[in-house]
Amino acid sequence: MSLRLLPFLLSLALVAGCSRSEGVDGAAPGGNLGDVPAAQWQPLPLAPAVSAEVQAARDRILGPGATDPATVKLWWYGVSSFIASAGGHLFLFDAWESVGLQEDYVPIGREELAAIQPEAILIGHGHFDHAADAGYVAGHTGAALVAGQTVCNTARERAAQLGAMAAFPCLVLGSRESPGPGGLQSLRLWRDLPPLQVLQHIHSAVDPSDLLTGGLPLIFVPQVLSYLEHLNTDPQEIAGFLQALTDDGLVGQPQGGTWAYHLRVGDFSLLWHDSTGPIGDEEPEGPAIQAALGGFPGCVDVQVGAIVGFGMVTSGLRDSTLYVASAHPQLFIPSHHDAWAPVLGGGAAAYETQWRNALASLEHPPELDYLRDPLDYMVPRVFRVADPRWKEVMPGSACE
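Quick note on numbering: the numbering used here labels position 14 of the sequence shown as 14, and the sequence is numbered without any gaps.
Now the structure itself:
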């Protein structure tokens with residue numbers, strides 16, 4: 001963002017200068033260096049102690065007790081990006097400051113993401129609205145990047161362009177072709193947490209043939225006022241936004257693959273994905289992805305998933321609804337539905353009624369925590385790991 005409060009800038013400068021010096025020297029915590037194939041990854045250690053300056057930044061931005069190991073917490077900061085804490089670790093799902101035609105609509109930006117010093121950045125896919133700031137944050141903090149190969153490459157290039165010189169490792173998940181949609185990898189990202197399950201799935205897509213088989217476009221009235229109220233007039237930011245537009249192919253299936261992450265802490269489990277593609281029975285990889293979504297170890301207690309994508313043009317909310325039907329979560333939290341881009345990002349209010357109706361049509365609909373922009377930006381969602389509700393299995397679920 002073009003303007004930042006002085007405390008945030010001071011915290012960021014101190015992050016680069018005195019925090020996580022081992023990343024600058026070469027190997028990150030855990031001994032990983034450079035691009036690391038998933039099979040060779042060395043688990044990250046216990047959550048590191050942070051400097052007083054970083055702790056102060058976390059307290060200001062996230063509130064006290066952000067990394068309480070008895071809880072899992074999520075802070076939404078636009079599109080499908082979340083700050084998350086689990087098992088005492090602080091990390092990111094996706095990394096993009098929601099800036100383009102507008103700015104300062106979301107209350108934090110890339111500077112604050114670096115100031116809180118996340119340990120890792122988990123990327124769902126490499127399009128600009130999900131990964132454009134991965135290099136900035138990793139390059140200022142040494143945070144481990146978990147992503148497809150093209151995302152790792154772009155992040156390193158962007159970090160170098162910005163002079164963000166902290167060395168950071170990248171856990172390479174694969175590419176669009178490898179292991180392929182439906183492929184499931186079990187990775188021990190952290191030494192003290194259960195393995196992370198990473199599912200390769202499919203990015204949202206427009207299929208005109210859907211219109212011939214009963215598909216209908218999603219009709220909604222997009223929010224436009226926010227773009228006028230927060231118009232971006234910073235030439236440097238606009239130039240950076242335009243540069244990132246073509247990241248990982250701009251549209252269509254990302255070259256670096258599309259990934260969903262399933263995380264467990266105690267009896268609690270979280271599934272996060274930043275796109276929802278066509279996974280019907282008629283699709284080549286559809287049945288395999290459906291089975292994987294429904295078979296995660298420990299089930300799915302909370303699913304955080306994109307509900308808006310390219311598929312809405314020809315099949316409405318069909319694909320995003322099928323992801324929920326397959327995963328059988330107890331609670332669903334939508335994302336990628338805020339006013340992040342004119343027309344395509346209609347704003348949460350534009351989709352709420354139709355999404356509620358879509359969930360109600362399921363045989364076993366989950367509870368819904370419908371995030372609304374901008375009211376719910378950076379409002380924490382807190383889940384107590386020891387809550388007895390997580391011991392229950394959602395009706396219809398086949399997981400163990």
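Ideal placement from N, C-alpha and C gives every residue a C-beta, glycine not left out.
- In the three-state scheme derived from DSSP, where H, G and I count as helix and E and B as strand, Arg264 is classed as strand.
- Proximity of the region 146 to 162 to the region 362 to 380 falls short of the contact definition, fewer than three beta-carbon pairs being nearer than 8 Å.
- If you look at Phe220, you'll find it isn't in any beta strand (DSSP E); DSSP assigns it neither H nor E.
- Closest in alpha carbon position to Gly252, among Thr233, Leu242, Val79, Ala205, is Ala205.
- The Cβ atoms of Gly311 and His125 do not sit closer than 8 Å to each other.
- In this structure, the CA atom of Ala244 is about 6 Å from the CA atom of Ala132.
- Here Leu173 is buried, its C-beta having at least 16 other C-beta atoms within 10 Å.
- Distance from the CA of Leu101 to the CA of Val343, rounded to the nearest whole angstrom, comes to 12 Å.
- Comparing alpha-carbon positions, the option among Ala115, Trp259, Gly135, Leu375 lying closest to Gly240 turns out to be Gly135.
- Residue pairing by DSSP places His89 opposite Ala86 in a beta bridge.
- If you draw a straight line from the Cα of Ala350 to the Cα of Ser178, it comes to about 36 Å.
- Here the alpha carbons of His130 and Arg110 stand approximately 12 Å from one another.
- DSSP, reduced to helix, strand and coil, places Trp96 outside both helices and strands of the structure shown, so it counts as coil.
- With 16 or more other Cβ atoms inside 10 Å of its own Cβ, Arg58 counts as buried.
- Going by DSSP, Thr71 is part of the beta strand (DSSP E) stretching over 71 to 76.
- The C-alpha of Tyr377 lies about 27 Å from the C-alpha of Ala164.
- Taking each of Gly298, Ala292, His337 in turn and checking the Cα distance to Ala325, the smallest one comes out for Ala292.
- Taking the C-beta atoms as reference points, Leu196 is found no nearer than 8 Å to Gln354.
- Of Asp94, Leu44, Ala341, Ala39, the smallest CA-CA separation from Leu225 is found for Ala341.
- Under the rule that a run must span 4 or more residues, the alpha helix (DSSP H) segments found entirely inside the region 36 to 68 read 52 to 62.
- Residue burial annotation: Glu97 is buried, with at least 16 other C-beta atoms found within 10 angstroms of its C-beta.
- Here the C-alpha atom of Leu33 lies approximately 27 Å from the C-alpha atom of Val265.
- DSSP places Leu344 outside any beta strand (DSSP E), giving it a letter other than H or E.
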